[in-house]
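Novice: Following this message is one structure expressed as structure tokens.
As structure tokens, then:
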């Protein structure tokens, strides 16, 4: 009973805390650039506003237009059941999918949004979708290799086992394989969560990659899409922190006090990574199109080196 | 075969240093600027000197300390300084016409690392090696060699050719420190000085290339054919 | 009892003194004669070492120096070519008046090159052998690029890069050989040829063969075996003619000595078939490449460089066939090739200076303008393609005989066909030079060749004729001893 409650609590954590993370990052970026920035709760007000707006649908839309945001949103809600968010022991239904399955469900959500971008037949949607697919071609193999690497390291496909291993054994934590996996994942994280040097928050459509896919959306569907992308960011941070970089701070016993403590630790950990992302955004400029492969080739290289180093 | 027994701390130290050297060679493959290549080479030489020193410490080979110091001095400081001087004098900042982009050459380098690992593993199996550090040393040695050759093949600048050669020698030095630490020190000393002589000879020749042939890129040095 | 230490010390000190003197006294004429004097002394010393060479290997000077019959033979070839090239260099460099201020540097480089070549065959330690060969590369690269033209510098650059890359591979092979030995002799032992041979039977086959392949390819780059021969035509054709003669006639032998020494280590390990076949295959490929490139060749010295490639292929096949007969043929081939190649390069240098062009299509009616030296050159061409009654014919026939008895008789047929091809192609070029079109008006050669240019050609020609008609019995027994003893 307690476990089921914990599992629901994990999903709710992701659902409710992801806009906060996004708001925090936006505000910190503005602060670093000497501005004031919106309140960190602004994303909540944005969601509220969007849910109360009229839904406008283009004439050329089909059922994909309606179902894509729903599929993305639901996929993002399934993944927190599989990964360690609050507790470091597996909860019921955690073995629905292992770490590779989690990654694939994330990709499913993105895939449907891609289809939605193409669905209306407008040029900017297709532009965004094709660019996002190109990035996916470069980034997805590396993501799979990273997961394969962590599987080799802990000899199991469940993220919980990796968490235990890295938390308890400093030899495994500081081994070259693990360090390379962390480095590879950092680069992937910047790509998947829309940071420079590849994505940027330019409002000009011709430079957009991911935002161009959702240009046609408005109202509640747009709210679902935005929420889904914030949840994806939160989930990727979760995987990064709880499986790779900082496996401590999770609740071991599962009772209320330790879960609250885990929540506070979440705020601290994710805030730290968020600040790092702000720094990444501030010190870099955007790469030209033909150079997108460079950071991704670097992360691919790190993943390969991690797998090789692990055999030795 | 490593006769002395390595504790787990020593093993991880060696593997960390060896892989760091390998990663630095990838910096050389992936960077656009020649100066970064030279700095990466210098860092790599220092890392290999650190490996020498730690092998001397753990294996009780006191002469390896001297070799470590000398190789840090010559390979890690003097050679990069000479090459940097060449780069400044020739006003060449980057490789203008490489055959493969840096990112693709990094991927090719990753493939070569996998190939070297496979070769090293087969050698290890046929030799019935019990410790993995020798296989790691062989992997890094072969990979550095292959990456050095890759640099020489894919690039047309004279400086890149010199750097490729130096990376190959670095790889050999790295491997020899780990698998044959007892090799007579005289040999290693002479190899270090030999390298310095080679680089000086290269420096002179490159200056002649610049002044008489007008170019240091092999794209322009194609008068002798047949 | 001959004191080898004193002989070898003298062998090294004399050229060193000559170099220092030449660099101190910057007069060209002093340079010429100092070089010639040191060449004469070196020749005498190498002849003494050869004559006094014991029937077994001698190790002296605290285990650093090794004198074996094969090593003494290679050293003697170096001495011969050095002497001939020094005599010729006087005549040749006098034809280049624009280089006169720098002439002392040229002679210093030539003496330095000879010095480095005299060190390498005597080294007991494979690592120091490697370093000596590396030094020969560096010094000869500057010799090749001496004339500071664009093509010369390009050739020198290519030579240095390709050979250094190859030698790096060879170094890896040496380290792996040493590692193989540590399994039986412990982590520290003296790196000598004998020690490696002792431990070879215990080393696993994969490691032994792998290391041998690395050293084969590495030193094969230095020898110029195809497909690592890409530097050879450029370096040998762009250097001044005396330097090309020394490169072709002396240096390639030393690198081949290195390959043979590593081959004997693998033989001691008991895996001789694979290693000999590998060497044989490289020899066959070299012959094939040389043949194909000689057919369509325009540069005189470039063609001779490909002929060097051919003869190195023949030598590799001689060593690769294995067995005493092929080995004796290969050793005889070494001295004959050194003499004949020097003769050819000297002739080519003369003709190039006379017709002021490097290409053979510009050298027309050579017998009319230079009957004597052109005639000797023509006879040398007949010699170098392996026709009787010259020495190379005898050595090649012996190698073929040894090949039929070996484990790879198929290579004999390939070798015979390719030699015939090269003979035909080579002499075709000469036919064009002698009976081809007339020289263009105004471009007839007017150069008078001095005695310094012609004398070395004669000095090289007479022994080839003698050795082709008469294989001395003493040499035959010497070769048998050399085969029985470790190289």
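Residue numbers (my numbering), protein chains in the order written: chain A, 5 to 316; chain B, 17 to 242; chain C, 13 to 499. Every residue gets a Cβ at the ideal spot worked out from N, C-alpha and C, and that includes glycine. Quantities reported herein were computed from a predicted structural model and do not represent experimental measurements.
On the three-state DSSP scale, how would you describe residue 49(B)?
Specialist: For this step, residue 49(B) is matched to residue 33 along the second chain. If DSSP states are grouped into helix, strand and coil, residue 49(B) belongs with the strands.
Novice: Run through chain D and tell me which residues come within less than 7 angstroms of residue 188(B), C-beta to C-beta.
Specialist: Absent here is chain D; the protein component of the structure consists of chains A, B and C.
Novice: Looking only at C-alpha atoms, which of 268(A), 77(A), 9(A) and 243(A) sits nearest to residue 115(A)?
Specialist: Position 111 of the first chain holds residue 115(A). It is 77(A).
Novice: Quick one: what's residue 173(B) bridged to in DSSP?
Specialist: Here the question's residue 173(B) lines up with position 157 in the second chain. Paired residues: 233(B).
Novice: Measure the CB-CB distance between residue 54(A) and residue 304(A) and report whether it falls below 8 angstroms.
Specialist: Looking up residue 54(A) in the first chain gives position 50. Looking up residue 304(A) in the first chain gives position 300. Going by C-beta atoms, residue 54(A) is not nearer than 8 angstroms to residue 304(A).
Novice: Which residue's Cα is closest to the Cα of residue 267(C): 486(C), 211(C) and 83(C)?
Specialist: Residue 267(C) sits at position 255 when you count from the first residue of the third chain. The shortest C-alpha separation from residue 267(C) is found at 83(C).
Novice: Go ahead and label residue 212(C) buried or exposed: buried means 16 or more other beta carbons lie within 10 angstroms of its beta carbon, across all protein chains shown.
Specialist: Walking along the third chain from the start, residue 212(C) turns up at place 200. Under this definition residue 212(C) is a buried residue.
Novice: Is any heavy atom in the ligand ATP found nearer than 7 angstroms to the beta carbon of residue 106(B)?
Specialist: The ligand ATP is absent from the structure shown, which contains no ligand whatsoever.
Novice: Could you run through the region 289–305 of chain A and flag, in chain order, every residue whose CB is less than 7 angstroms away from some CB of chain B?
Specialist: Residues passing the 7 angstroms Cβ filter: 297, 298, 301, 302, 304 and 305.
Novice: Relative to the C-alpha of residue 228(A), which candidate in 34(A), 47(A), 122(A) and 106(A) has its C-alpha closest?
Specialist: Counting from one through the first chain, the residue named residue 228(A) turns up at place 224. Measuring from the Cα of residue 228(A), the nearest candidate turns out to be 47(A).
Novice: Using the rule of at least 16 other Cβ atoms within 10 Å of the residue's Cβ for burial, across every protein chain shown, is residue 364(C) buried or exposed?
Specialist: Within the third chain, the letter at position 352 stands for residue 364(C). It counts as buried.
Novice: Would you say residue 234(B) reaches chain A, if we count a Cβ-Cβ gap shorter than 8 angstroms as a contact?
Specialist: Locating residue 234(B) in the second chain gives position 218, counting from the first residue. So no, residue 234(B) is outside the interface.
Novice: With a threshold of 8 angstroms between beta-carbons, can residue 38(A) be considered close to chain B, or not?
Specialist: Numbered from its first residue, the first chain carries residue 38(A) at position 34. Chain B contact via Cβ: absent.
Novice: Quick check on DSSP: helix, strand or coil for residue 135(C)?
Specialist: Residue mapping note: residue 135(C) aligns to position 123 of the third chain, counting from 1. Residue 135(C): strand per DSSP, three-state reduction.
Novice: Leaving aside the five residues before and after residue 323(A) along the sequence, list all residues of the same chain whose C-beta is less than 6 angstroms from its C-beta, in chain order.
Specialist: Outside the shown range of chain A, which is 5 to 316, sits residue 323(A), and nothing can be said about it.
Novice: Does residue 149(B) get closer than 8 angstroms to chain C when you measure Cβ to Cβ?
Specialist: As a position in the second chain, residue 149(B) is number 133, starting the count at 1. Chain C, which has no Cβ nearer than 8 angstroms to the Cβ of residue 149(B), makes this no.
Novice: Can a CB atom of chain B be found closer than 8 angstroms to the CB of residue 313(A)?
Specialist: Working through the first chain from its first residue, we reach residue 313(A) at position 309. Yes, because at least one Cβ of chain B sits closer than 8 angstroms to the Cβ of residue 313(A).
Novice: Mind reading off the beta-carbon distance from residue 354(C) to residue 324(C)? Whole number of angstroms is fine, and I expect it under 8 angstroms.
Specialist: Numbered from its first residue, the third chain carries residue 354(C) at position 342. Numbered from its first residue, the third chain carries residue 324(C) at position 312. Not quite, the Cβ-Cβ distance comes to about 15 angstroms (not below 8 angstroms), so this is no contact.
Novice: Taking buried to mean at least 16 other C-beta atoms within 10 Å of its own C-beta, is residue 96(C) buried or exposed?
Specialist: Locating residue 96(C) in the third chain gives position 84, where the first residue counts as 1. Residue 96(C) should be labelled buried.
Novice: What does DSSP give as the partner residues of residue 79(C) in its beta bridges?
Specialist: Walking along the third chain from the start, residue 79(C) turns up at place 67. Bridge partners of residue 79(C): 70(C).
Novice: What residue range does the alpha helix (DSSP H) around residue 375(C) cover?
Specialist: Start at 1 with the first residue of the third chain, and residue 375(C) comes out as number 363. Element bounds for residue 375(C): n/a, residue is neither H nor E.
Novice: Pairing CB atoms from the region 92–107 of chain B with CB atoms from the region 209–228 of chain B, are three or more of them under 8 angstroms?
Specialist: Contact holds: three or more Cβ-Cβ distances are below 8 angstroms.
Novice: Residue 27(B) by DSSP, collapsed to three states: which one?
Specialist: Indexing the second chain from 1 puts residue 27(B) at position 11. Helix.
Novice: Determine, using beta carbons only, whether residue 23(A) comes closer than 8 angstroms to chain B.
Specialist: What you label residue 23(A) is simply residue 19 of the first chain in a count that begins at 1. Residue 23(A) does not count as touching chain B.
Novice: For residue 142(B), return the contacting residues in chain C, with the cut-off set at a CB-CB distance below 9 angstroms.
Specialist: For this step, residue 142(B) is matched to residue 126 along the second chain. By Cβ distance, chain C contributes 216, 217, 218 and 219.
Novice: From 114(C), 315(C) and 351(C), pick the residue whose C-alpha is nearest to that of residue 35(C); which is it?
Specialist: Here the question's residue 35(C) lines up with position 23 in the third chain. Considering only alpha carbons, the answer is 114(C).
Novice: Can you tell which of 95(A), 185(A) and 259(A) has the C-alpha that lies nearest to the C-alpha of residue 245(A)?
Specialist: For the purposes of this step, residue 245(A) is identified with residue 241 of the first chain, where counting begins at 1. When only C-alpha atoms are compared, the closest one is 185(A).
Novice: Suppose contacts are defined by Cβ-Cβ distances below 8 angstroms. Is residue 336(C) in contact with residue 495(C) by that definition?
Specialist: As a first step, residue 336(C) is located in the third chain; it is residue number 324 there, counting from the start. As a first step, residue 495(C) is located in the third chain; it is residue number 483 there, counting from the start. Going by C-beta atoms, residue 336(C) is nearer than 8 angstroms to residue 495(C).
Novice: Residue 309(A) versus chain B: which residues are under 9 angstroms apart at the beta carbon?
Specialist: The sequence position of residue 309(A) within the first chain is 305, counting from 1. Within chain B, the residues near residue 309(A) are 35, 38, 39, 42, 126 and 129.
Novice: Please confirm whether residue 118(B) has its beta-carbon closer than 8 angstroms to some beta-carbon of chain A.
Specialist: Along the second chain, read from residue 1 onward, the residue named residue 118(B) stands at position 102. Yes, its Cβ sits closer than 8 angstroms to a Cβ of chain A.
Novice: What does the Cβ neighbour count give for residue 308(C), buried or exposed, with the cut at 16 atoms within 10 Å?
Specialist: Position 296 of the third chain, counted from the start, is the residue given in the question as residue 308(C). By the neighbour-count rule (16 or more Cβ atoms within 10 Å), residue 308(C) is not buried but exposed.
Novice: Nearest to residue 117(B) by alpha carbon, out of 55(B), 223(B) and 170(B)?
Specialist: As a first step, residue 117(B) is located in the second chain; it is residue number 101 there, counting from the start. Among 55(B), 223(B) and 170(B), the Cα nearest to that of residue 117(B) is on 170(B).
Novice: What residues in the region 433–458 of chain C have a beta carbon less than 8 angstroms from any beta carbon of chain B?
Specialist: Cβ contacts with chain B come from no residue of the region 433–458 of chain C.
Novice: So residue 224(B) contacts chain C; which residues on that side make the cut at Cβ distance below 7 angstroms?
Specialist: Here residue 224(B) corresponds to residue number 208 of the second chain, with the count starting at 1. Result: 157, 160 and 165.
Novice: In the DSSP assignment, the alpha helix (DSSP H) including residue 79(B) goes from what residue to what residue?
Specialist: Numbered from its first residue, the second chain carries residue 79(B) at position 63. Where residue 79(B) is concerned, the enclosing alpha helix (DSSP H) stretches over 79–89.
Novice: At the level of alpha carbons, what is the spacing between residue 133(C) and residue 152(A)?
Specialist: Position 121 of the third chain, counted from the first residue, corresponds to residue 133(C). Position 148 of the first chain, counted from the first residue, corresponds to residue 152(A). If you take the alpha carbons of residue 133(C) and residue 152(A), they lie about 54 angstroms apart.
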